[in-house]
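Here my numbering is used: the first residue of the sequence shown is 1014, the next is one more, and so on.
Structure first, commentary second.
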Amino acid sequence: MSDDFFKQKRVWSKYKDFILDYYLTPYLEKVKYLQKPICIIDCCAGPGSFEDGSDGSPLIIAKHIQGLYNRHVNIKGLFLEKQKRLFSRLQKNLEPYSAFVEAKHVDFRNYLDDIRSMARSSTVFLYVDPYGIKELPFSELSEIYRTIIEHNSSVEVLLNFNSAAFVRCALVALKMDRQGFDSEEGDDEESFCGAEGMSTEQMDVIAGGSYWKEIVSAPELTFLEKEEKITESYMKQMNDYFRIVRNYPVQHKYGRLPKYRLIYGTRHEDGILLMNETMYKAREQFLKEEFFDGRLFDERPLAESKDISLFATRLFEIVREGGPTSRRNLKLVAMKEFFCCYNNSDYSKTVEKLLKGFEGMKLYSRSGKPRINDDESLSAKPFKQH
Ligand SMILES: C[S@@+](CC[C@H](N)C(=O)[O-])C[C@H]1O[C@@H](n2cnc3c(N)ncnc32)[C@H](O)[C@@H]1O
């Protein structure tokens, strides 16, 4: 796959790159106040740019680092690439950034000790973007997560998990029918599962357990349902290391199997608020391209439209059932259900509607004002005035 992969950036990769690029700006602006060195590690870097001239993740990341480095922030980038030929291109592409980035010709799985020692003193953002699933053994990744967390509280990960390929390879490993896989050019089975296919033991290592067997062999589940359940279970494993784990399905066409899932893990609430905004924007862009561009009206399906009535009802119920809470906490709870479906402005406006009274529902703010900030408490009953 590697020979073709870097000729031209794939259409759907723009969403992956958009998410990385967009998120890094507010993320770096926040973590620079932690007053610790910042390190961004691109574990599967590739050559840095594509033959069509577009930037790969190393250049996207290096440009962000440059912005902060020029403002005297202690920040560096570490780019790991195991293929010699690609590494040489990477080194060349990163030359203009050599004051604050380092490229290493290594397999990231053999670089654990160095990552560990770096993590002792730094805020770490890990980007893991392999070709498929073969290069994504959960046990080794979790070793990275564990060691970083042992030494440091600020670590985030953005990971490309090819969940459809996982199900495909798991069906091969279990010698089951592979029907339902949304195969496209370049997505041949061999490139995902290797010429020999993968054994059940190899699948256990990638999954971080054997939970996948029950899901993949369930006769009542469609391919798509298996893909969703595998993603859910994989994310649950990550919850042992990251308090909040969410995913964004990167799609080529609406309604088709995701090409892959971008899984994001963080231990900090601010991270999820920023990532919700980022992934919301990517989703809106995708829906606009699918259902609006070149048409007179936005023809997106009802299921993809915002339903402010339903949204307000859920926000109201969360406060009524959970008791008084800050607007920030309300957002965090609601985002479990509505991740990347509503943006910050939707949350603020809907809470404001509820504070004024909306469709028979009413919330109260401690200050009594309808325009509030994230720290203000909200309740379904009036606050006692002293
Ligand atoms: C999908 S490409 C990465 C593309 C890159 N993120 C970009 O946006 O330009 C995967 C790259 O990771 C490299 N790779 C795969 N497994 C690796 C490992 N264990 N350690 C280091 N590099 C690895 C591959 O050689 C390949 O260049």
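A virtual CB, placed ideally from N, CA and C, is assigned to each residue, including glycine.
The structure presented is a predicted model; accordingly, all values stated were derived computationally and were not measured.
| query | result |
| --- | --- |
| Those runs of the beta strand (DSSP E) which lie wholly inside the segment 1071 to 1097 and span at least 3 residues | 1088 to 1093 |
| Through-space distance from residue 1303 to residue 1313, alpha-carbon basis | 8 Å |
| CB-CB length for residue 1054 against residue 1139, believed under 8 Å | 5 Å |
| CB-CB length for residue 1061 against residue 1071, believed under 8 Å | 4 Å |
| Near ligand 1: residue 1255 beta-carbon under 7 Å from a heavy atom | no |
| Simplified DSSP assignment, three categories, for residue 1198 | Summary for residue 1198: the model assigns pLDDT 48, below 50, so the residue's position carries little reliability; its value from the coordinates is reported in the next sentence. Correct three-state label for residue 1198: coil. |
| CB contact flag (residue 1324, residue 1351, <8 Å) | yes |
| Candidates 1077, 1376 and 1219, of which the one nearest residue 1330 by Cα | 1376 |
| Own chain residues within Cβ distance below 6 Å of residue 1333, not counting five before or after | 1393 |
| 6 Å Cβ shell around residue 1118 - same chain, five flanking residues per side excluded | 1100 |
| Rounded straight-line distance, which links the Cα of residue 1175 to that of residue 1198 | Legend: pLDDT at residue 1198 = 48, less than 50; position of this residue unreliable, value from coordinates given subsequently. Rounded to the nearest angstrom, the two C-alpha atoms are 16 Å apart. |
| Cβ-based neighbour list, residue 1153, same chain, cut-off 8 Å, excluding 5 preceding and 5 following | 1122 and 1125 |
| Spatial distance of residue 1265 from residue 1023 (CA atoms) | 9 Å |
| Residue 1056 Cβ short of 7 Å to ligand 1 heavy atom set | yes |
| Nearest-angstrom Cα separation, counted from residue 1034 out to residue 1073 | 6 Å |
| Segment limits, beta strand (DSSP E) that includes residue 1115 | 1114 to 1117 |
| Backbone CA spacing between residue 1208 and residue 1037 [nearest angstrom] | 37 Å |
| Reference residue 1184, options 1144, 1228 and 1319, closest by Cα | 1228 |
| CA nearest to the CA of residue 1131, picked from 1161, 1310 and 1224 | 1161 |
| Selected residue, minimal CA-CA separation from residue 1362, among 1234, 1380 and 1340 | 1340 |
| Residue 1338 beta carbon less than 8 Å from that of residue 1286 | no |
| Which of helix, strand or coil DSSP assigns to residue 1260 | strand |
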